[in-house]
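Heads up, the thing below is written out as C-alpha cells.
There are 2 protein chains.
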Amino acid sequence: MIEPETWFTLYSLAQLGAIHERVTLTTRQLGNFMGVSQQTASRRVAHCAESGYISRTLTANGMGVELTEQGRNELLQILGGLETALAQTGNEILIRGKVVDGLGEGAYYVDAYSSRFRSALGFAPFSGTLNVKVADEESQRAVSRMKHTPPLVVTGFTREGRTFGDVICYRVRVNDKIEGAVVIAQRTHHSQDILEVIAPVNLRKKLGLGVDEALVLRVVPLHLVT
Amino acid sequence: MIEPETWFTLYSLAQLGAIHERVTLTTRQLGNFMGVSQQTASRRVAHCAESGYISRTLTANGMGVELTEQGRNELLQILGGLETALAQTGNEILIRGKVVDGLGEGAYYVDAYSSRFRSALGFAPFSGTLNVKVADEESQRAVSRMKHTPPLVVTGFTREGRTFGDVICYRVRVNDKIEGAVVIAQRTHHSQDILEVIAPVNLRKKLGLGVDEALVLRVVPLHLVT
DNA sequence: ATTACTAAGACACGAGTAT
DNA sequence: TATACTCGTGTCTTAGTAA
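Same order as they appear, the protein sequences are chains R and W.
Per our numbering, residue 1 is the first one in the first sequence, and the count goes up by one each step.
Per our numbering, residue 1001 is the first one in the second sequence, and the count goes up by one each step.
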C-alpha cells in the first residue's frame, strides 16, 4: 500500500514534468511546490526513490528526477480510481433543465449542417434548436459525465468562403419521448450551462414547451443506438 | 493547502460511493479500506468534516457520510491535475509500431462500412486494413492518450440480419505522408496492442511496407481536420 | 549554492477504554 | 455494537548545520 505522502510527492513530481522526461530541480523548489520545508522534500523524495517510484541522480546544483514505470502505474491507478468513482451512478445520465430563448441563430446553422446531421444521427433535423438551461448542480455534473462519453463528431466544412467547424453530438431522449441530440459547436456563443438540442420535429410544439418550462434530457449511450 | 492524508481520506470515501450519495459506514470499515486502524480512520474522517470537505451525521450503528461541493472540487482538481500531467508532451501523439499480418477479415468489414467511412472521414477507404503492432511502452501510452481524444464514431447498422456495431475512428498520418484513420471496432478479435489502419490507398504498396517494417502513426486532432 | 544529517518538538498512530 | 478519548510509543517535521 502506497503512503499518502509518497503518493502526493509522486503527484507533485508529475505536475513538474517528471512523468515524461528527466527534470532537474532542487529540494527547495519541490518543497515550495508541495508546501513543505526543504528538508521534508528531501526526505520524501528519497523515500520515493527507495520505493522504486522514481529514478534520481544527484548533480552539483540540484537533482535529476524521472518517474519509473512503477511510479507512472501508481498515478494511473489513482487516475482510474478517480475516474470510476466520479463516473458511477449506474451509468444513467439525466440532465434536468428548462427552456430558454435562443438567439435565433440556431436555424441557420442547423440548415447548414442538415445533411451531415442526417447521415450522422439518422434523422433530418427540424430547422431550429431548443435551448436548454441546465437546472441544478447535479445536472451540471451529468453534463460533465455526458461529455466524457464517446460523442458523435460531425466534421466541419467550408462553404462560400465560410468555415463551419466540427460539431459534437450526444444522443438524448427529450422527456423520455422524442429522440434528439445535444449539439455542441466548437465556437459557441453560449454560456456553459446552456445546451442546444435538435430533433426531427419541432420540440417546442410537439411537447408543448413554453419558456421556463422544465424538461429532462436522458443521454442515450451510443451502443444502444441502431 | 490540503494535506495528503485528508486527500487520501476523501479519495477513499469517494471510492466507497460518498461522492454521489450519502453512504452509511463505520470507522472500522473505512479503516480497513484505507489500511489503518479504526481510531485513525475516526480521526481522519473527523478532520475532513472539520475542514468542510464532507458532511457527516452520526447514527446508532455507524455514520452517514457525503462529500460536500468543496470536497468534490478537491477531487476534481486532483483529477484535472493528473490528466494534464499525463497528457503533456506538447499534445503531440506519436505511435510507433510495426506491420504485422492480419486475419484477412479486414477487407470484408471495410467494404461493409465503406460508404459510412466515406461520409465520416471524407475518403473512400481502400479495401483492406493495415495491422500495426504497437512497439514500445511509450507508444502504448500514446495509444491510451489517443483514446482520450474525441473520436469519430461511425454508427453501426443491420444488414441481412447481420449486426455491424459502432466503429470508433481516430485520424492519423501514416509515416507523416498519408492521411488515414485508426479504426477500433466494438467487438474486436485483436489483442489490445494491435491497431487497424485504413486509408484511401493501399498502404503496404504505397509506402512499400513489408511485414515487421517499422512505421509511425501521428494522431491528427479533429480540429485540424477540414 | 546544493543535499542531507542531527536533534528537539510536534504530531500521528493504535491499544485500551469510556460513553 | 458504535464513536472517540487518553496516553505511551514512534514517526515526521523543521531549524541549524555539516559535507
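Glycine included, each C-beta is placed from N, C-alpha and C at the ideal position.
Bear in mind that the values here come from a model prediction, so they are computed numbers and not experimental data.
Below the 7 Å Cβ cutoff, chain W contributes no neighbours of residue 139/R, its closest Cβ being approximately 14 Å away.
Between residue 74/R and chain W, the shortest Cβ-Cβ separation is not below 8 Å. Between the alpha carbons of residue 1028/W and residue 8/R lies a distance of about 25 Å.
Residue 1095/W has a beta carbon lying at 8 Å or more from every beta carbon in chain R.
A check of alpha carbon separations from residue 121/R across 169/R, 102/R, 80/R, 149/R identifies 169/R as the nearest.
For residue 214/R, the enclosing beta strand (DSSP E) starts and ends at 214 to 219. The continuous stretches of alpha helix (DSSP H) do not include residue 177/R, and DSSP gives it neither H nor E. Its chain contains 68, 70 as the residues whose beta carbon lies nearer than 7 Å to that of residue 52/R, once the 5 sequence neighbours on both sides are disregarded; these appear in chain order. Burial is judged here by how many other beta carbons sit within 10 angstroms of a residue's own beta carbon; residue 1041/W has at least 16 and is buried. Per DSSP, the continuous beta strand (DSSP E) segment holding residue 1065/W begins and ends at 1062 to 1067.
Taken in chain order, the complete beta strand (DSSP E) segments of 3 residues or longer contained in the stretch 1120 to 1181 of chain W are 1130 to 1134, 1152 to 1154, 1157 to 1159, 1162 to 1164, 1167 to 1174. Rounded to the nearest angstrom, the Cβ distance from residue 1139/W to residue 1097/W is 6 Å, consistent with a contact under 8 Å.
Contact between the stretch 149 to 162 of chain R and the stretch 196 to 207 of chain R is absent, with fewer than three C-beta pairs closer than 8 Å. The beta-bridge partner set that DSSP reports for residue 24/R consists of 64/R.
For residue 1050/W, the uninterrupted alpha helix (DSSP H) run begins and ends at 1038 to 1050, by DSSP.
Using a Cβ-Cβ cut-off of 8 Å, residue 1086/W counts as an interface residue toward chain R, since at least one Cβ of chain R sits closer than that to its own. Of the candidates 151/R, 6/R, 25/R, the residue whose Cα lies closest to the Cα of residue 49/R is 6/R. Residue 1197/W sits buried, since 16 or more C-beta atoms from the chains shown fall within 10 Å of its C-beta. With respect to residue 215/R, residue 154/R sits apart: the two C-beta atoms are not nearer than 8 Å. Counting only the Cα atoms, residue 1126/W lies some 16 Å from residue 1177/W.
Residue-level contact check: residue 51/R does not touch chain W, since none of the beta carbons of chain W fall below 8 Å from its beta carbon. Residue pairing of residue 96/R in beta bridges, as defined by DSSP: 216/R. Beta-carbon to beta-carbon, residue 1123/W and residue 1200/W are separated by about 4 Å, close enough to satisfy the 8 Å threshold.
Residue state for residue 2/R is assigned as coil, using DSSP reduced to three classes.
Beta-bridge analysis with DSSP links residue 118/R to no other residue. Listed along chain R, the residues sitting closer than 9 Å to residue 1151/W by beta-carbon distance are 150, 151, 153. At a cut-off of 8 Å between C-beta atoms, residue 1001/W counts as an interface residue with respect to chain R. For residue 147/R, the closest alpha carbon among the candidates 171/R, 128/R, 164/R is that of 171/R. Only residues of its own chain outside the window of five on either side were considered, and among them 1031 have a CB closer than 8 Å to the CB of residue 1037/W, listed in chain order. When secondary structure is reduced to three states using DSSP, residue 1196/W falls in the strand class. CA-to-CA, the gap between residue 11/R and residue 22/R works out to about 15 Å. In this structure, the alpha-carbon of residue 72/R lies about 15 Å from that of residue 3/R. About 6 Å separates the beta carbon of residue 99/R from that of residue 212/R, a gap short enough to meet the 8 Å contact definition.
Residue 183/R is bridged by DSSP to 169/R, 196/R. DSSP places residue 1103/W outside both helix and strand once states are collapsed to three, so it counts as coil. Excluding sequence positions up to five before and after residue 1185/W, its CB lies within less than 6 Å of the CB of 1167, all in the same chain and listed in chain order.
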